[in-house]
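Engineer: The structure's right below; bear with me while I get my questions together.
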Amino acid sequence: MIDLRRLNDDADYRLGAIRKGATPDDIELLLSLESERKQALTGVEALRAEQNAVSKEIGRATPEDRPAKIEAANQLKIKLAEAETALSTAQETVTGLALQIPNPAHSSVPDGGEEDFELVREAGERTPAGPMDHAELGESLGIVDTQRAVRMSGSRFAYILGDAVRLQFALIQWTMNKLMGHDFVPAVVPVLVREDMMVDAGFFPTDRDQVYELERDGLFLVGTAEVGLAGLHRGERLDAVELPKRYVGYSSCFRREAGTYGKDTAGLFRVHQFDKVEMFIYSHPDTAWDELELLRSLEEEIFSELEIPYRVINVATGDLGNAAAKKYDIEAWIPSQQTYREVTSCSNYTDFSARRMGTRVKDDDATTVLHTLNGTACAVGRTLLTIFENHQQPDGTISVPEVLRPYCGDLDVIAPRTS
RNA sequence: GGAGAGGUGACAGAGUCCGGUCGAAUGUGCCUCCCUGCUAAGGAGGUGUGGGUUUACGCCCACCGUGGGUUCAAAUCCCACCCUCUCCGCCA
């Protein structure tokens, strides 16, 4: 949620919102409605003060005086009700418009759409295309089974089997350990959450059609552990010395993938259910940009240690989404497609999400909204896939990245089962 | 799933039956000061959040789980919901 006062006072802030698609007219309208809202508020409060005073008098009045005083109070009550109705209308209009203003982009974010990203870095040597893509490879080794998964649950589901499971748990354990070394507190979060958590975490109403709903219980299956981590300190006021609070959450993730028919239908790239290790940081506003660079560097470290070629892009304004002021995507090289595809990303939401969550920081004597950031540590399905693709051997086996071997019983090669 | 109890400030805990002077007693904690070789004890004062308005002092509004309702007036009465706890049943 946008900071209305700052939108009014801070020209750079306003410009950042305009760069993300808000029009100057929208903003002007919103600000003028906001000042009308404040006027209405002042009016209502004056009437309430009057009413409170009158009521107290009635309490003290003699029984004979009461009827007349109560009659007068009744008149006030009617006036107040009218003023309150006007105020709540004004309030709804203002929040309705305010929710549509995106979080202003940081000045370092390039303008434009999906194709207008800034290339930050390209690392590793692009792997030449192997004999099979990851889906074919997985099926041929018997470690991914999508056909039987379809019979079980429909399209875009997969069984992960055998050594791929060992690799999956190795990945999870390895990333968790790495992050705990950087003061991230591990967390297993609820994957079924209430509607208001989805709203406050910023996923509703925008992404509602991407989320599975359990209507009977009024609960929703999360698409990321970010929901649980963002809501962890909802409504709390944290002490400045406790910050930054870094969490690494593990959860299964569920996405309906509505509107993606025909895209990435084979294999593990786009499925309805996958596991993910997610980083989340509650930061003091002064250090939030440093924390974003930390997230970026950790994500890079993970892919370079897995020996997977990747590039880092600074996502352009049009592709940032509502909440992010800046976002880096890490895109891994996919040899079978001869292109980079998004595998992780990290964003600074500044105060945008925390404002709605009511998560604040107490600094000496001032209390302000703190800043939140999030980033993928390891989207397991996609990471497995990039390992399959980039570590495929000419003989159709997969060489396990060195760093993972200690985490899967020194498994070094995934080969077809001979038994 | 069945039965019951309860949600009040940082915490503990009154107030709710009998609506008004209750933003809320009291205790603990915390802060400032006094006293005291040090510490402990003791004494005085202060100590919620959000918002509006004001150069400022201040004044005002809202908040006693959440949302509605009754009333001139609600922590207190009514309705719905959420949550917590206890017992029984069931269960990994």
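The opening position of the first sequence corresponds to residue 0 in numbering that gives the first Met the number 0, with each subsequent residue numbered one higher.
Where a beta carbon is used, it is the ideal one built from N, C-alpha and C, also for glycine.
Please read these numbers as outputs of a predicted model, since none were measured by experiment.
1) Just tell me which of 67, 234, 194 has its CA closest to the CA of residue 217.
2) Give me the Cα-Cα distance between residue 383 and residue 167, rounded to the nearest whole angstrom.
3) Are the CB atoms of residue 415 and residue 141 within a distance shorter than 8 Å?
4) Would you tell me roughly how many angstroms separate the C-alpha atoms of residue 270 and residue 338, rounded to the nearest one?
5) Assuming residue 329 contacts residue 298 under a Cβ cut-off of 8 Å, what Cβ separation, rounded to an integer in Å, is found between them?
6) Flag this pair as touching only if the segment 93-103 and the segment 64-72 have three or more C-beta atom pairs under 8 Å; answer yes or no.
7) Do you know whose CA, among 236, 145, 151, 192, lies nearest residue 157's CA?
8) Three or more beta-carbon pairs under 8 Å between the segment 259-279 and the segment 192-206, yes or no?
9) Taking all protein chains shown into account, decide if residue 392 is buried (16 or more other Cβ within 10 angstroms of its Cβ) or exposed.
10) Can you tell me where the beta strand (DSSP E) holding residue 52 begins and where it ends?
11) Could you compute how far the alpha carbon of residue 373 sits from the alpha carbon of residue 348?
12) I'd like to check one pair, residue 266 with residue 137: are the Cβ atoms closer than 8 Å?
13) Let me check one thing: in DSSP terms, what residues is residue 370 bridge-paired to?
14) Within a Cβ cutoff of 6 Å, which residues of the same chain sit near residue 280, ignoring the five residues on either side of it in sequence?
15) Got a sec: does the ligand ADP put a non-hydrogen atom nearer than 7 Å to the Cβ of residue 264?
16) Which residues in the same chain have their Cβ closer than 7 Å to the Cβ of residue 223, if we skip the five residues on either side of it in sequence?
17) Considering Cα atoms alone, identify which of 71, 355, 133 is closest to residue 381.
18) Just list the residues that DSSP pairs residue 329 with in beta bridges.
19) Flag this pair as touching only if the segment 104-119 and the segment 39-58 have three or more C-beta atom pairs under 8 Å; answer yes or no.
20) Label residue 28 either buried or exposed according to how many other C-beta atoms from any shown protein chain fall within 10 Å of its C-beta, with 16 as the threshold for buried.
21) Residues in its own chain within less than 8 Å of residue 46 by CB, not counting five upstream and five downstream?
22) Using 10 angstroms around the beta-carbon of residue 57, count the other beta-carbons present and answer buried if the total reaches 16, otherwise exposed.
23) Could you check which residue in 172, 308, 196 has the C-alpha nearest to that of residue 186?
Structural biologist: For this structure:
1) Here residue 217 corresponds to residue number 218 of the first sequence, with the count starting at 1. That would be 194, whose Cα lies nearest to the Cα of residue 217.
2) To locate residue 383, count along the first sequence from 1; it is residue 384. To locate residue 167, count along the first sequence from 1; it is residue 168. Taking the straight line from one Cα to the other gives about 7 Å.
3) Here residue 141 refers to the residue found at position 142 of the first sequence. Here residue 415 refers to the residue found at position 416 of the first sequence. For residue 141 and residue 415, yes; Cβs fall inside 8 Å.
4) Indexing the first sequence from 1 puts residue 270 at position 271. Indexing the first sequence from 1 puts residue 338 at position 339. One C-alpha to the other measures close to 20 Å.
5) Counted from its first residue, the first sequence places residue 329 at position 330. Counted from its first residue, the first sequence places residue 298 at position 299. Yes, residue 329 and residue 298 are in contact; Cβ-Cβ is about 5 Å, under 8 Å.
6) no
7) In the first sequence, the residue the question calls residue 157 occupies position 158. With distances taken between Cα atoms, residue 157 lies closest to 145.
8) no
9) As a working note, residue 392 is residue 393 in the first sequence. Burial call: exposed.
10) Position 53 of the first sequence, counting from 1, holds the residue named residue 52. Taken as a continuous stretch (DSSP letters only), residue 52 belongs to no beta strand (DSSP E), being part of the alpha helix (DSSP H) at 23-59.
11) Residue numbering aside, residue 373 sits at position 374 when the first sequence is read from its first letter. Residue numbering aside, residue 348 sits at position 349 when the first sequence is read from its first letter. Going by the C-alpha atoms only, they are around 8 Å apart.
12) Along the first sequence, read from residue 1 onward, the residue named residue 137 stands at position 138. Along the first sequence, read from residue 1 onward, the residue named residue 266 stands at position 267. Yes; because the gap between Cβ atoms is below 8 Å, this pair is in contact.
13) By one-based count along the first sequence, residue 370 stands at place 371. For residue 370, which the question treats as bridged, DSSP gives the partners 282.
14) Residue mapping note: residue 280 aligns to position 281 of the first sequence, counting from 1. Cβ within range, chain order: 243, 245, 290, 372.
15) Looking at this structure, you won't find the ligand ADP or any other ligand, since it has none at all.
16) For the purposes of this step, residue 223 is identified with residue 224 of the first sequence, where counting begins at 1. Result list for residue 223: 252, 275, 277, in chain order.
17) For the purposes of this step, residue 381 is identified with residue 382 of the first sequence, where counting begins at 1. The candidate whose alpha carbon is nearest that of residue 381 is 133.
18) Locating residue 329 in the first sequence gives position 330, where the first residue counts as 1. DSSP output for residue 329 lists 311, 343 as bridge partner(s).
19) no
20) In the first sequence, the residue the question calls residue 28 occupies position 29. Its Cβ having fewer than 16 others within 10 Å, residue 28 is exposed.
21) Taking the first residue of the first sequence as 1, we reach residue 46 at position 47. Only 75, 78, 79, 82 meet the Cβ criterion.
22) The sequence position of residue 57 within the first sequence is 58, counting from 1. Exposed, since its Cβ has fewer than 16 Cβ neighbours within 10 Å.
23) Within the first sequence, the letter at position 187 stands for residue 186. Checking every option, the nearest Cα to that of residue 186 belongs to 172.
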